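With the numbering used here applied, the sequence shown covers 1475 to 1873. We put the CB at the ideal spot given by N, CA and C, even for glycine. Note that the coordinates shown come from a computational prediction; the quantities given were computed from them, not determined experimentally.
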Amino acid sequence: MAITFRKVYLFDVEASARQSNAAKAASKTKKGKKRKRKHRRPRLTDDVVPDPFELAREAEETAQQQLLKDEMDAVGMAGMLPLSFGSTKQHTKPPTMRRQTPQYITFDDDGKSVEVDPPVVPMMRKRPLEDDTTTDDVIVDDAPTAESAPPPQKKPAHIHPSLQKYWAQRYALFSKFDLGIELDHEGWFSVTPEVIAAHHATRIACDVVVDAFTGCGGNAIQLAMTCRHVIAIDVDPAKIAIAKHNATIYGVADRIEWIVGDSFAVLPRLHHADVVFLSPPWGGPAYLNQNVFSLQDMRMGMFDGIELFKIAAAVTKDIVYFVPRNVDTKQVKLLQESNEEVAEVEFNYLNHKLKTVTMYFGSLACVGDCAQQGEEGDESEDDRSHEQGVEDTEGDTTH
C-alpha cells in the first residue's frame, strides 16, 4: 500500500489582523482614562544644613530691629511708627482708553471748523473663494474599508465563557462573521477554519460531493464554491437551519441540497456522488487530552471511525477524511483493503500551527511518483508519527 505524507502551510493574514484589532479595541475600553500624577515639590527636612551667611544676616537684621525699638522707647514713641518698611512702589492698573466717537469736521472760507455728518461707506460683500481644485477619476479598491465594513459584533451574552477562545478566532472560522453568521454551542469548536475548508474545496473540486456531517455549514459553503452540487447531511435539524442561514450569507445556498438524517442510513442510498467528505464529531475539545487519537475510539452510535469509512467507500473510492491532528496515522492501513490502493496524509498548518490532518483516498491522493513516496512513508512512519506528536503539543485546534 502506498501512503504519501505531506505538509501544507496555510495563512489567514486578514483574520489575524482583524482579531488583533478587535483585541486592541477591547483593551482600550477596559483601561479608561488615565489620571495625571501631580508632581509635588520635596519638603525640606530637619537634616538640611543652614547657610552660615544667611544666619549671620538674619541675626544682624534682628539686632537692628531691637536697637530701633529701644531708641523709640527712649523718646516715648513706642508703637507709633512701623519698625520695617516695604516697597513704596504701588501697582496700579493702567488707565483704560475710552473709545471716543469719531468726529467729522470741515473748514469754511474763514478757516473755522464745522462738524458735518459722517460719509456713507458702501458695504463690501465677501465673495466666495473659487474652488481651484480639479476633480480626477479615482479608482476605488473593492476591498472593504473601515467605513464600508460592518462594525464588529460584541460577544453575545449567551456564549459560554469556555468559548472565549473560539470567539476570539471567529474571523478565522468565517470571514463574513459580522454579516450575521450563526453558530450553536457545539459549532464553535466543531466548524473547520475557513482557510482550511477552502483548501479542501480546491482539491475536491468535482461535480457532486457529499458532506456527511455538515454541522453549521463551514465545509459545505466552501465546497459549494468549487463543486456543482453539494449534498449536506446532518442528523440535527437545528444545525441544518443554521447551515442554510450561513450559506445564504455566502450566496451559495442554491447549490446545496439539505438532508436531515443519519449519515449511516443516508449514505448507502446514494449512488451518484463523486466524492464523500467525512468530518465526523471528534468528541469535543476533550480529544486533545489523548496522546494519540484512535479512529476506533471515535464512536457514533453503533459505529466507529473505521466502519464509517467502509460505508462511505461503498459510495465512491474518492474519500476525504478530516481527522484531529493527534490521529494515529498508522491506522490509514486499516482503511484500505488492497495493497494497490494509494492514500495521502496531509498535515494542515494554519499560521505555522498544526491544526488538523486530512486523509485523501482514491484519485484525490497525491499521484506524483506515489510508489516511491509511499515506500519512503512506510519506512519512516514511526518517525513521522513521533514528529507529529511533538508538533501537536505546540499547535492549537479549532475543531
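*Might you give, ordered along the chain, the residues of its own chain that have their beta carbon closer than 8 Å to the beta carbon of Thr1879, omitting 5 neighbours on each side?*
Residue 1879 falls outside the range modelled here, since the chain spans only 1475 to 1873, and no answer is possible.
*Assign Ile1579 to buried or exposed, taking buried as 16 or more other Cβ atoms, counted over all protein chains shown, within 10 Å of its Cβ.*
exposed
*Check the Cβ-Cβ distances between Pro1635 and every residue of chain B, and say whether any is below 8 Å.*
In summary, chain B is missing from the structure at hand, where a single protein chain is found.
*What are the start and end residues of each continuous beta strand (DSSP E) run of 3 or more residues lying completely inside the region 1712-1742, in chain order?*
Fully enclosed beta strand (DSSP E) runs of 3 or longer: 1730-1734.
_Contiguous alpha helix (DSSP H) assignments of at least 4 residues, all confined to the region 1628-1699_ = As for any alpha helix (DSSP H) of minimum length 4 sitting wholly inside the region 1628-1699, the runs are 1638-1642, 1644-1647, 1659-1664, 1668-1678 and 1692-1697, ordered along the chain.
*Which one of Ser1768, Arg1773, Ile1670 and Ala1712 has the shortest CA to CA distance from Pro1755?*
Arg1773
_According to DSSP, is Phe1892 part of a helix, a strand, or is it coil?_
No answer is possible for residue 1892: the residues shown for the chain start at 1475 and end at 1873.
*Looking only at its own chain, which residues have a Cβ that is under 7 Å from the Cβ of Ala1727, when we skip the five neighbours before and after it?*
Excluding five sequence positions before and after Ala1727, the CB atoms of its chain that fall closer than 7 Å to its own CB belong to Lys1718 and Ala1721, given in chain order.
*Helix, strand or coil: which one does DSSP assign to Thr1790?*
coil
*Can you name the start and end residues of the alpha helix (DSSP H) that Ala1817 belongs to?*
First-last for Ala1817: Val1816 to Leu1824, but that is the beta strand (DSSP E), not the alpha helix (DSSP H).
*Could you tell me which of Val1487, Ser1768 and Ile1714 sits nearest to Glu1656, measuring between CA atoms?*
Measuring C-alpha to C-alpha distances from Glu1656 to each of Val1487, Ser1768 and Ile1714 identifies Ile1714 as the nearest.
*In angstroms with no decimal places, state the Cα-to-Cα distance between Ala1698 and Lys1650.*
16 Å
*Residues near Ala1489 in its chain [Cβ-Cβ closer than 6 Å; skip 5 each side]*: Tyr1645 and Ala1646
*asked:* Rounded to the nearest angstrom, what separates Glu1781 and Val1683 at their Cα positions?
replied: 20 Å
*asked:* Quick check: Ile1716 and Asp1685, are their CB atoms within less than 8 Å of each other?
replied: no
*Quick one, which of Gln1764, Glu1528 and Ser1737 has its alpha-carbon nearest Ile1705's?*
Ser1737
*How should Val1801 be labelled, buried or exposed, when 16 other C-beta atoms within 10 angstroms of its C-beta is the threshold for buried?*
So Val1801 ends up on the buried side.
*One or two residues paired with Lys1827 in a DSSP bridge*: Leu1824
*Rounded straight-line distance, which links the Cα of Arg1729 to that of Asp1681*: 11 Å
*Where does Asp1802 fall in DSSP's three states?*
In the structure shown, Asp1802 falls within a coil segment according to DSSP collapsed to helix, strand and coil.
_Contact belief for Ile1678 with Leu1838 at Cβ below 8 Å, rounded distance in angstroms_ = Correct: roughly 7 Å between the Cβ atoms.
_Where His1826 falls, given that 16 or more other Cβ within 10 Å makes a residue buried_ = Looking at its Cβ environment, which holds fewer than 16 other Cβ atoms inside 10 Å, His1826 is exposed.
*Could you round the C-beta distance between Leu1752 and Phe1796 to whole angstroms and report it? I think they count as a contact, below 8 Å.*
Yes, Leu1752 and Phe1796 are in contact; Cβ-Cβ is about 7 Å, under 8 Å.
*Can you say whether Tyr1640 is buried or exposed, counting buried as having 16 or more other CB atoms within 10 angstroms of its CB?*
buried
*asked:* For Asn1693 and Glu1668, what's the separation of their Cα atoms in angstroms?
replied: 8 Å
*By DSSP, does Glu1535 sit in helix, in strand, or in coil?*
In the displayed model, Glu1535 falls within a helix according to three-state DSSP.
*Nearest CA to the CA of Pro1635: which residue from Ile1723, Val1806, His1659 and Leu1653?*
The shortest C-alpha separation from Pro1635 is found at His1659.
*asked:* Let me make sure I understand the geometry here. Which of Met1776, Thr1688, Asp1525 and Thr1803 has the alpha-carbon closest to that of Phe1767?
replied: Thr1803
_DSSP three-state assignment for Leu1744, whether helix, strand or coil_ = coil
*When the Cα of Val1734 is compared with those of Gly1775, Cys1690 and Thr1536, which residue comes out closest?*
Scanning Gly1775, Cys1690 and Thr1536 for the CA closest to the CA of Val1734 turns up Cys1690.
*asked:* Can you tell me where the beta strand (DSSP E) holding Phe1751 begins and where it ends?
replied: Val1749 to Leu1752
*Please report how far the alpha carbon of Asn1874 lies from the alpha carbon of Gln1805, in whole angstroms.*
As shown, the chain starts at 1475 and ends at 1873. That puts residue 1874 outside it, with no answer to give.
_Here's the rule: buried if 16 or more other CB atoms are within 10 angstroms of the residue's CB, otherwise exposed. What is Ser1812?_
exposed
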